[in-house]
Amino acid sequence: MAGALLASTLDLLALNPPGWGATLLWGLWHSVLIAGGAFVLGLGIGILGAYGKLYGGPVTKDLLAIYTTVVRAVPELILILILYFAVTDVVNQLLVALGREKVQISGVAAGIAVLGVVQGAYATEVLRGAILAVPAGQVEAARAMGMSPLMLARRVTLPLMLALALPGLANLWLVATKDTALLAVVGFAELTQATRQAASTTKAFFTFYAAAGVLYLAVSILSSVLFAWAERRARRGQRSVSG
Amino acid sequence: MIRALMIPRRLVMLGIVLVIVALIAVYGRWDWLGEPKYQALIVRGIGNTLILLVLTMVIGMALAIPLGLAQAVGPWWLAYPARGFCGLIRGTPLLLQLFLLYYGIGSLFPGIPGIRDSWAWPILRDAWYYAILGLSLSVAGYEGEVMRGAFKAVPHGQLEAARAMGMPRFTIFRRIWLPQALHRVLPTLGGETVLQLKATPLVAMITVVDIYAVASRVRSETLITYEPLMLLAVVYMAITGVIVLIFRWFEGRVPQRTA
Numbered sequence: 001m002a003g004a005l006l007a008s009t010l011d012l013l014a015l016n017p018p019g020w021g022a023t024l025l026w027g028l029w030h031s032v033l034i035a036g037g038a039f040v041l042g043l044g045i046g047i048l049g050a051y052g053k054l055y056g057g058p059v060t061k062d063l064l065a066i067y068t069t070v071v072r073a074v075p076e077l078i079l080i081l082i083l084y085f086a087v088t089d090v091v092n093q094l095l096v097a098l099g100r101e102k103v104q105i106s107g108v109a110a111g112i113a114v115l116g117v118v119q120g121a122y123a124t125e126v127l128r129g130a131i132l133a134v135p136a137g138q139v140e141a142a143r144a145m146g147m148s149p150l151m152l153a154r155r156v157t158l159p160l161m162l163a164l165a166l167p168g169l170a171n172l173w174l175v176a177t178k179d180t181a182l183l184a185v186v187g188f189a190e191l192t193q194a195t196r197q198a199a200s201t202t203k204a205f206f207t208f209y210a211a212a213g214v215l216y217l218a219v220s221i222l223s224s225v226l227f228a229w230a231e232r233r234a235r236r237g238q239r240s241v242s243g
Numbered sequence: 244m245i246r247a248l249m250i251p252r253r254l255v256m257l258g259i260v261l262v263i264v265a266l267i268a269v270y271g272r273w274d275w276l277g278e279p280k281y282q283a284l285i286v287r288g289i290g291n292t293l294i295l296l297v298l299t300m301v302i303g304m305a306l307a308i309p310l311g312l313a314q315a316v317g318p319w320w321l322a323y324p325a326r327g328f329c330g331l332i333r334g335t336p337l338l339l340q341l342f343l344l345y346y347g348i349g350s351l352f353p354g355i356p357g358i359r360d361s362w363a364w365p366i367l368r369d370a371w372y373y374a375i376l377g378l379s380l381s382v383a384g385y386e387g388e389v390m391r392g393a394f395k396a397v398p399h400g401q402l403e404a405a406r407a408m409g410m411p412r413f414t415i416f417r418r419i420w421l422p423q424a425l426h427r428v429l430p431t432l433g434g435e436t437v438l439q440l441k442a443t444p445l446v447a448m449i450t451v452v453d454i455y456a457v458a459s460r461v462r463s464e465t466l467i468t469y470e471p472l473m474l475l476a477v478v479y480m481a482i483t484g485v486i487v488l489i490f491r492w493f494e495g496r497v498p499q500r501t502a
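Just so you know, the sequences run in chain order Y and G.
Using our numbering, the letters of the first sequence map in sequence onto residues 1 to 243.
Using our numbering, the letters of the second sequence map in sequence onto residues 244 to 502.
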């Protein structure tokens, strides 16, 4: 009984076509791709947003405050729907206005754009805190050396804040990988959607959802290890708190 | 709050926002809001969302306290499973957890002979209970981790003093350890409650009728794309504001340091 169950489960998860293993892995690849792209985009928005919030003019500060507050107060699922429809609408209307034909925006690109905007709001807050925690003396010393603001950011502020920001960024990355599951709602072929397809075709619901859970868990454990390593590296040369 | 708005640039921004809101109100399609059918559904949806939020936060916290305690001071045979559970919940998407519970485990039950006639069948068939279970477990997983840190952060001297007073272990926990740990997590808990609110629309994916499901139904029945989503955003922002205010009130009531 148990042996037969195991054999049928392995058949279902096999990589070759009667099995759905390849579909799941393809979905996982898309999930990781979207999460990675969204994380990088969010990081870019976050750096600009954090600098804007700290050093920008009053209007910039207010606008950024609205952006981070609204994005963090509205559920991701609803933001994804609004942004997805809005982005595709705007792009298509632009294309029509320019006299081109409408396009179907690629799922991966739309997913990255939508999740990136969401991630950007959280990254802004994480990075703002980390930049504030960089000792003022370091920044003043660099200014006294006559560094330009860009060089100051590149050589002093950003490297020093990295160690402080990494725990928050690690959390954000994990949130990004899990938020890709929400894209299943708009029908992207990422891991959860692929799993849903496999499960409803074969009626082996439990097997496939558990398998997808294992895949997500593997991604999160692997990234925890990588981020711990990155933090150790970013902190090298700093005194440990306990010592 | 009001005074912070009385700056020329903020008044201009407020004006722009009001104009946009007015444009949306005038040119958007809001006629569906007038239909009694949808009004009743919206009230029911918001009610269900609030019930889900409060109920799962309470159940989840009740589970999180032993989970945190087990991880902070428990023997290894309690600490390891607790840590494993928290890692499992935090490492997989909530949507997948809900699918696994409702479609996965829910699909195994009909195979048990005689279950269709038992008293448990209406519960096992109802998505509502799976939603409560899934969201509660999620709170337990995330908050168990938070509580672990909180239990560890209570100063050792407090517990030693209580022990020196001859308090039994459970009294120490009830009077000293738990209150101080909860006091510490109160600001975090406010943020986590907002996160939990934002997780509730996922239950619509397993057919529970919360406010998100109501908006989806309006969208599919009336073929209006944006307006129901905007209503949703406003509803969730309003609930978020209320949660923030409630927790601010709570924090104000907890005595700060007395010594």
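Don't be surprised by glycine CBs; every beta carbon is placed ideally from N, CA and C.
This one's a predicted model, so the numbers in the text were calculated from it and none came from an experiment.
Q | Chain-ordered chain Y contacts of SER504/G [CB-CB under 7 Å] | A | Residue coverage of chain G in this structure runs from 244 to 502, which leaves residue 504/G outside it and unanswerable.
Q | Partners in chain G for ILE78/Y, counting only beta-carbon separations shorter than 8 Å | A | PRO444, TYR455, LEU472, LEU475, ALA476 and TYR479
**Q.** Test: LYS178/Y CB closer than 9 Å to a CB of chain G
**A.** yes
Q: Specify, as a first and last residue, the run of the alpha helix (DSSP H) that TYR67/Y falls within.
A: 58-73
Q. Among GLY330/G, ARG246/G and ALA404/G, which residue has its Cα nearest to the Cα of LEU222/Y?
A. GLY330/G
Q | chain G contact residues for SER251/Y, given Cβ-Cβ distances below 7 Å | A | Because chain Y here runs from 1 to 243, residue 251/Y falls outside it and cannot be looked at.
**Q.** Inter-residue Cα distance where the pair is ALA502/G and LEU164/Y
**A.** A caution first: ALA502/G carries a pLDDT of 48, below 50, which makes its placement in the model too unreliable to give a value.
(Q) Cβ closer than 8 Å: which chain G residues qualify as neighbours of VAL108/Y? (A) Here the premise fails: no neighbours, minimum Cβ distance about 18 Å.
Q: May I have a chain-ordered list of the beta strand (DSSP E) segments no shorter than 3 residues that lie completely inside the region 189-237 of chain Y?
A: none
**Q.** Nearest to ILE34/Y (by Cα), restricted to the options LEU191/Y, GLU101/Y and ALA65/Y
**A.** LEU191/Y
Q) Mind pulling the chain Y residues with CB within less than 9 Å of LYS441/G? A) ARG72, ALA73, VAL74, PRO75, GLU76, LEU77 and ILE78
Q. Where GLY213/Y and TRP173/Y are concerned, what is the direct C-alpha to C-alpha distance, given to the nearest angstrom?
A. 17 Å
Q: Can you tell me which of the three DSSP states VAL264/G falls into?
A: helix
Q) Using DSSP with H/G/I as helix, E/B as strand and the rest coil, what is TRP20/Y? A) coil
Q) When the Cα atoms are used, what is the spatial distance from LEU351/G to TYR209/Y? A) 13 Å
**Q.** C-beta atoms of ARG462/G and THR468/G nearer than 9 Å
**A.** yes
Q.
Please tell me whether PRO58/Y has its Cβ less than 9 Å away from any Cβ of chain G.
A. yes
Q.
Check this for me: beta carbons of PHE205/Y and GLY354/G, under 9 Å apart or not?
A. no
Q | Beta carbon of TYR373/G nearer than 9 Å to that of ILE302/G | A | no
Q: Could you tell me which chain G residues have their CB closer than 9 Å to the CB of TYR216/Y, listed as they occur along the chain?
A: GLY334, THR335, PRO336 and LEU339
Q | Backbone CA spacing between VAL477/G and ARG272/G [nearest angstrom] | A | 16 Å
**Q.** The alpha helix (DSSP H) enclosing MET408/G, as first and last residue numbers
**A.** Careful: MET408/G lies outside any alpha helix (DSSP H) and carries neither H nor E.
(Q) I'd like to know whether the C-beta atoms of GLY27/Y and ALA189/Y end up nearer to each other than 9 Å. (A) yes
Q. Does the Cβ of ASP360/G have 16 or more other Cβ atoms within 10 Å, making it buried, or fewer, making it exposed?
A. exposed
Q.
Three Cβ pairs or more, each shorter than 8 Å: is that satisfied between the region 168-185 of chain Y and the region 143-152 of chain Y?
A. no
Q: Classify LEU344/G as helix, strand or coil using the three-state DSSP reduction.
A: helix
Q: Check each residue of the region 179-193 of chain Y: if its Cβ is closer than 9 Å to any Cβ of chain G, include it; give the result in chain order.
A: ASP179, THR180, ALA181, LEU182, ALA184, VAL185, LEU191 and THR192
Q: State yes or no: is the C-beta of TRP275/G within less than 9 Å of the C-beta of GLU470/G?
A: yes
Q: Would you mind giving the Cβ-Cβ distance between MET480/G and VAL428/G, rounded to the nearest angstrom? I have them listed as a contact below 8 Å.
A: MET480/G to VAL428/G, Cβ: 24 Å. No contact.
Q. What are the start and end residues of the alpha helix (DSSP H) that includes ILE482/G?
A. 470-496
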